[in-house]
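Respectively, the protein sequence lines represent chains A, B, C and D.
Just so you know, the first sequence maps onto residues 1390 to 1485 in this note's numbering.
Just so you know, the second sequence maps onto residues 18 to 136 in this note's numbering.
Just so you know, the third sequence maps onto residues 3 to 240 in this note's numbering.
Just so you know, the fourth sequence maps onto residues 72 to 564 in this note's numbering.
We put the CB at the ideal spot given by N, CA and C, even for glycine.
None of these values were measured; they are calculated from a predicted model.
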Amino acid sequence: MIWQIIILIVLIILTVGAAIYAVVAKNLLYAVVSTGLISLGLSMFFFILQAPDVALTEAAIGVALTTIIFIITIRNTTKYEDVSDKKKSIERRKND
Amino acid sequence: MDQLLTISFYGTAIALIAVGLYAVLAKKNLLKIVIGLSIIDGGLHLLFVAIGYVKGGTAPIFSPEITSNDVMVDPVPQALVLTAIVIGFAVTAVALSLVIRLYRHHNTASIDQIKNLKW
Amino acid sequence: MIKKVLVIALIAVIGFSLMNVMLQIPFGEKRETVGDYYLQKSPQELKVANSVTAIVVSFRGFDTLGEVTVLFLAAMSLASIMYRRKRKGDIEIRAKKPSSRILQVGAQIIFPMVVVLGAYVFIHGHLTPGGGFQGGAIIATASLLMLITYRKFKVNHNTITWIESIAGIVFVGIGMTGLLKGLTFLQNFLELGELNSLLSGGIIGIIYVAVGFKVAAELTGVIDTVLLNNRPDNNDNN
Amino acid sequence: MVISPVHYIALPLMAAFLIPLFGKINKELVRIIPGLVLLYLSYASIVMMNQVLSGSTIVEIIGGWTPPWGINLVFSPFSGFLVSMMTILGFLIWVYTYNFKPEVDFSQTTKFYTLFMMVITGAVGIVLTGDIFNLFVFLEITAISSYALTAFYRERDGAEASFKYILIGSFASFFILLAIVILYSQVGTLNMADIAQKMPGVNPYIKGVVLILFFVGFGIEAELFPLNGWAPDVYTQAPGPIAAIFSGMVVKAGVYALIRVIFTMFDVPEVLNLLLIMGLITMVIAEVIAVRQERIKRMLAYSSIGQMGLVVVAFSIGTKEAVFAAIFLMFNHAVIKGLLFLSATYLVYNSKEKKISEMNGLGKLMPYTSFMFALGAIAIVGLPPFAGFWSKLYILIAAADVNYIAVIAIILIISVIEIVYYFRVVHKIYFGKVTPNIDIKIPTLNAKFTLLVLGLTIVVIGVYPDLITGIIERAADDLLDKQNYIQTVLSLR
């Protein structure tokens, strides 16, 4: 029983934490990977709630395909949320 | 204990919806907005499955060992969520293709700078 | 800054009222729903072990037809939105750099295994968790692996179109066959077989296999369309 | 094969899956097949409408599972009327689009015609289905096709409008999905008739929340204020015929869903007051904004929103006469706004900005198209003897019956505003000075045919409104008779 509660709490922290990080992260690539983590957490939630079908779908579509499409989009656009971040990053690279 | 479980499942779902809403309403980056939409979607799906859960129930799959349906969770929300997940993916994919096209056209992904139309 | 505070306040109000509503719905309680009927009928009348599959394909099969259409439309919309005229000197490149030898060998080994896994998932959709959507998604992941590993790997669009169309027609055609036989749309007209055996459930198995192929083709098409468009275009500002 | 409501969904889907294959045989087939499908469906509508008007509602069960367990399609006088209107209008618009932009590539043409057909299928599905989650699925079919069609032209800002649409449309689907979740936990069923039957037992607090969620969700699709921010841009950026489809079908389907939910599923008459207020605000704001518009399509879009506000106002009065007038207006609006969008599209065919000032003096250069536009403009503001007059008159009579004096006053003021901005355009077309070296495009023959049919409909209905009022009366009766709906669907059990 106690283990179940601990697992549940860890899952909640993982999912909600990943969601918050996905929103605040400056680098969109991190944000997207974090979105994939949410799906992973959700998939485990579905498993706990006795919904293996949904868990499998979320794992296949949410974790794999959505993340991949996001990553491809980022590759075709930009990985910085703000233009200013991009400039900073270029400057940093120059200084190194 | 029951209260705790209620809060933990419903609460997680609502927390996800709230975080996603924040991303959609407050963020300027198109990709962040799409991420927000998919987070809200996830929260809604969790809410849906949680409503179908029955305490002590098993997954709604019959096997030679499990033949009676007394202790099964409600399968309908699960079937509906399957549909909803696929639809959510389709919408996300279309939204992302629009992001790519907007980026090509305007060379930016921030809605502050994409303002040919009124927002 | 003020906007952010306002947004947070709004979200707090929404979240609080939503929680308030949800607390009125007890968690984990047994309710009287149509689900009970489905749970009763799916092993007895449909001979399908997985009730979720029974609902997705038979009881609410019309939704699934709609869902497959949504994916089909999404693939088509994506291609329409990302469309650009072919020009001279266009090279179809998906991966920017050639991948390492290890990845190439690994992909060759893993690819058939993942495809078989996907096929297994949708063939056994009426017995175990999983089904057409999950299996199709798994196969699409396998083709993605090939696409990013091999620079020259090409998805044959002709094949995709054929698979997609035929699978779609099988789905609608089975539905129409029911109608032509004097039953209703999507009604079962085959032998039902034994519960928990592979050939059970009548049309459910066939439909789920068709859905599996269709979803795999569509998702592969989606990924391929998005991947292909990495040609930088500064002169395409029309 | 016996004609059944399933054909409305199954045949377009089959055609959509087949079109890529047919494209390999003959490139012309991808354009012809959607038209053939729509032609057959128009024929089926007429046959089934006759059947329904002489007999009783057709309820088609799917998968062999009777309601409330399976999904069912309901072809009642009300839904049947809307479906017939949509399919016939869809066929006419297909005729119009046939040679619309011949320079578009083959692969894009294929997609355009498939998406075109699927938008109509989705809207028809929303109207036909008797299951709330199925309605959601059809809503998504309509929405995704609309997103793609809005962004169809690369040279316009379609992508931006489409992204806006996707953002607001996603919110609509979130609200509807959430409402379905909560509702399912209370009634344990998804069939609309069964929900309506079980509704009195639901906790009133939750009932209110669900109703508001549905209201917001479908309100977005029905372009109610303040949820209509997407509409003007989408109408402006989408290809012309598609704008006609949006105003003639997609929005009508949204209104239908809203009305079906409020009138059939819920037993909360108080919500009609809310609906009335929202409708009035929508109408006033949209029409006032329309006056200031410089782009023709944007003006028509705001006018469309205003007219939908009027439809909602008429529905929310709630009496039989008012519902009758509302359905009549829905029909008139679909036809007239279709005519306006389709003729305006050719009037500003080659212009990039689509400004009203660019239409100056076209009355001499394009007499046919200009005449059709003027006809539509006169009809939509409600001048006799055209179709728009009757629906507006019936709404006013219905409002007078229940002593809604303020509503009557507002509608009359709005009509004056409409006259102002429509006649400004007509004046410019006929008496404006022609812009030098204007590049005009004379409509193709098939486009002229569509305009002629729509124009004739307006005139004929205007002179003999009795041709259609009988059917609409049946439709209004059907919508208000909730018990009959529940019984017809659930008696199959």
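- Assignment of alpha helix (DSSP H) within the segment 237-277 of chain D, counting only whole runs of 4 or more residues, yields 263-269 in chain order.
- DSSP, reduced to helix, strand and coil, places C:K216 within a helical segment of the structure shown.
- A distance below 7 Å between beta-carbons, with the five flanking residues on each side excluded, links C:F61 to the following residues of its chain, in chain order: Y40.
- According to DSSP, D:D202 shares a beta bridge with D:N262.
- Separation of B:G69 and C:E34 (C-alpha to C-alpha, rounded to the nearest whole angstrom) is 11 Å.
- Within the same chain, Cβ atoms closer than 6 Å to the Cβ of D:T185 are found at A87 and I90, the five residues on either side in sequence being excluded.
- Proximity to C:N198 across C:I111, C:S44, C:M78 and C:S79 peaks at C:S44, based on C-alpha coordinates.
- Following the DSSP letters along the chain, one finds D:F402 inside the alpha helix (DSSP H) bounded by residues K391 to L418.
- When DSSP reads this structure, D:V130 sits in a beta bridge with D:V145.
- Excluding residues up to 5 positions away in sequence, G453 lie with their Cβ nearer than 6 Å to the Cβ of D:K463 in the same chain.
- Shown here for D:I485: same chain residues with a beta carbon closer than 8 Å to its own, the five before and five after excluded, namely M354, V355, E358, G377 and L381 in chain order.
- Within chain B, the residues placing a beta-carbon under 8 Å from that of C:Y40 are P92 and V93, ordered along the chain.
- Cβ contact annotation for B:A67 (same chain, cutoff 8 Å, sequence separation greater than five): F26, Y27 and A30, in chain order.
- In terms of Cα proximity to C:S53, the closest of B:L47, B:Q95 and B:S55 is B:Q95.
- Not one beta carbon of chain B lies nearer than 8 Å to the beta carbon of D:E341.
- For A:A1414, not one C-beta of chain C is nearer than 8 Å to its own C-beta.
- Residues of the segment 45-79 of chain C that bring their beta carbon within less than 8 Å of a beta carbon in chain D comprise S60, F61, R62, G63, F64, D65, L67, G68, E69, T71, V72, F74, L75, A76, M78 and S79, in sequence order.
- Bounds of the alpha helix (DSSP H) holding D:I539 are D537 to L551.
- Within chain D, the residues placing a beta-carbon under 7 Å from that of C:A81 are K182, ordered along the chain.
- By alpha-carbon distance to C:L75, the top candidate from D:V101, D:V166 and D:S217 is D:S217.
- Within the same chain, Cβ atoms closer than 6 Å to the Cβ of D:F289 are found at G325, A328 and L329, the five residues on either side in sequence being excluded.
- When C-alpha distances from D:Q364 are compared across D:P303, D:L410 and D:P312, the shortest belongs to D:P303.
- The three-state reading of DSSP puts B:I128 in coil, since its state is none of H, G, I, E or B.
- Here C:Q136 is buried, its C-beta having at least 16 other C-beta atoms within 10 Å.
- The C-alpha of D:I398 is placed about 18 Å away from the C-alpha of D:L525.
- Closer than 8 Å at the C-beta level to chain B, one finds these residues of the segment 179-213 of chain C: L197 and N198.
- Looking at C:L147, C:N190 and C:G68, the one whose alpha-carbon comes closest to that of C:G108 is C:L147.
- Identification of chain D residues near B:T100 by a Cβ-Cβ cut-off of 8 Å yields F204 and V208, ordered along the chain.
- Shown here for D:H404: same chain residues with a beta carbon closer than 6 Å to its own, the five before and five after excluded, namely Q378 in chain order.
- Excluding the 5 residues flanking it on each side, B:H123 has same chain C-beta neighbours closer than 8 Å at Q130 and I131, in chain order.
- By the Cβ-count criterion, D:A194 is buried, with 16 or more other Cβ atoms from all chains shown falling within 10 Å of its own Cβ.
- Contact with chain B is found for A:V1421, since one of that chain's Cβ atoms lies less than 8 Å from the residue's Cβ.
- For D:V496, the closest of D:K368, D:L400 and D:A518 by C-alpha to C-alpha distance is D:K368.
- Going by DSSP, B:A76 is part of no alpha helix (DSSP H) at all; its letter is neither H nor E.
- At a cut-off of 8 Å between beta carbons, A:A1448 makes no contact with chain B.
- Bounds of the alpha helix (DSSP H) holding D:K499 are I476 to F502.
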